[in-house]
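Reading the sequence shown from the start, the letters are residues 2 to 344 in my numbering.
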Amino acid sequence: MGTLSLSNYEDVSIETPWGELSGRWYGNRSERPILAIHGWMDNLGSFDRLIPLLPDYLGVLCIDLAGHGCSSSLPPGVHYSADDWILTIGRVMKAYKWQKVSLMGHSLGGILSFIFTALGPHRVDLLITLDVLVSPLESAESIKMMANFMERHLVEEERAALAGLREPSTYSLSQLRHMLSKGSNNSVPPELTHHLMYRTVAKSKLYPDKFYFTRDGRTKFYSLLPMNPGLAAELARCIKDTPYLVIKGSKSSFIGPACDESISILKSQNPHFEIYELPGAHHVHLTCPDLCAKHIVPFLRRHRPPKVEGWSLAYGDAALSAREHREAQERFFARSQNRQHKL
């Protein structure tokens with residue numbers, strides 16, 4: 002089996018009450034894919050370097066959250082919030098008539114995926130979160146940030162009302178690269194920012210060689226789901242046996258001591274929970290995709306293995322449980338591998 006290709010994709014559009022969600026479906030489109038959700042102020046391009054390292058028997062549907070990338074912005078006067086973005090997962094499932102979903106999320110996308118899984122574990126067959134576990138816990142600093150965001154949202158709303166009368170601020174491509182890198186706290190180096198820029202930058206119609214950001218400025222001042230240690234622990238307890246892989250960047254503080262209790266709960270009660278720390282910063286999947294793939298690929302093969310024609314007949318009983326199916330497949334692959342070694 003091979004790996005996915007960035008050139009083999011279909012652009013998709015999912016209707017919403019306010020517009021559309023935009024995405025790209027890479028690879029196999031005959032089966033339910035992995036649903037990949039990017040982080041705050043990013044877009045689906047953040048998965049560009051990871052996609053080509055994933056197995057091609059499973060497709061990957063990457064989407065832009067509302068207000069990001071090529072997806073529609075929310076209507077004027079509406080505030081962005083994490084609990085509304087969580088509904089994105091349900092909207093995609095409804096559009097494709099999925100009964101279950103396989104989730105992979107980075108940063109904000111990982112938080113949304115974690116909460117969705119905790120609220121409906123029966124609807125998620127596997128979960129991968131990249132350099133995140135739970136939302137930041139409430140603190141004096143978070144209260145100050147909420148107050149600041151509230152005021153700045155209103156300012157941004159006024160600015161957006163004038164956007165139709167004039168172009169946003171324009172910059173050279175070099176300036177945009179450094180702005181994107183700085184905005185990520187330098188976890189996206191300037192030489193990799195082009196993976197994000199092609200879905201969030203437009204060419205100026207007034208100034209040659211100038212460009213501007215197209216993402217909705219209101220997303221900068223969104224509301225994150227308030228989180229405290231007790232709630233984080235209870236959410237972790239809800240994920241009892243859903244296969245769950247966490248990858249942490251060693252230079253990132255997004256998974257810190259505040260996550261210790263949740264990690265301890267997941268380790269003690271979920272036999273399919275895995276967590277690994279890899280060299281890299283917050284965008285570890287973009288800067289070190291090969292290291293991430295070394296853990297993601299085996300995880301996918303264990304919990305969403307490729308279908309093999311005839312394997313179930315070899316073990317008779319088409320009504321086996323999901324666990325029995327998986328065990329039967331593992332035995333089948335082991336026997337096949339042994340035959341190859343003997344040859």
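Virtual Cβ for every residue (Gly too), placed ideally from N, Cα, C.
Outcome for residue i when other beta-carbon atoms lying within 10 angstroms are tallied against a minimum of 16
i	result
Tyr208	exposed
Arg33	buried
Leu120	exposed
His107	buried
Arg160	exposed
Met151	exposed
Arg167	exposed
Ala237	buried
Ala141	exposed
Asp65	buried
Ala203	exposed
Endpoints, the beta strand (DSSP E) within which residue i is located
i	result
Arg25	20-27
Ser14	10-17
Leu59	Looking at the DSSP string, Leu59 is not in any beta strand (DSSP E), and its letter there is neither H nor E.
Lys204	202-204
Tyr213	212-214
Proximal residues to residue i (C-beta, below 8 Å), its chain only, five neighbours per side dropped
i	result
Pro18	none
Leu197	Asp43, Asn44, Gly46, Ser47, Leu181, Val189
Thr234	The amino acid at residue 234 is misidentified as Thr; the sequence shows Ala. Taken in chain order, the residues that qualify are Glu262, Ser263, Ile266.
Glu11	Arg25, Trp26, Arg30
Endpoints, alpha helix (DSSP H) assigned at residue i
i	result
Ile52	Neither: Ile52 is in no alpha helix (DSSP H) and is coded neither H nor E.
His286	285-288
Gly174	The sequence given here places Leu at residue 174; Gly does not occur at that position. Element bounds for Leu174: 174-184.
Ile264	261-270
Arg238	230-239
His196	195-198
Nonlocal neighbours in the same chain, by C-beta distance under 6 Å from residue i, ignoring five residues either side
i	result
Gly250	Asp132, Gly281, Ala282, His283, Val285
Asp217	Gly68, Ser74
Lys410	Look at the range of the chain in this structure, 2 to 344, and you will see that residue 410 is not part of it.
Arg50	Leu287, Pro290
Own chain partners of residue i with C-beta closer than 7 Å, once the 5 adjacent residues on each side are dropped
i	result
Pro191	Arg178, His179, Ser182
Ser82	Tyr223, Ser224
Ser6	Pro53
Ile116	Ile87, Leu226, Leu236
Thr220	Met42, Gly68, His69, Tyr81
Residue i - partner residues in DSSP beta bridges
i	result
Ser143	Its beta-bridge partners do not exist; DSSP assigns none.
Val247	Thr130, Ile276
Ala106	Per the sequence shown, the amino acid found at residue 106 is Gly instead of Ala. Gly106 pairs with Ile38, Thr130.
Ser224	Ser82
Thr4	Pro56
Val156	None; Val156 has no bridge partner.
Val351	The structure shown does not extend to residue 351, since the chain is modelled only from 2 to 344, so the question has no answer here.
### Query
In chain order, which continuous runs of the alpha helix (DSSP H) of length 4 or greater are located wholly inside the region 61-104?
83-86, 88-97
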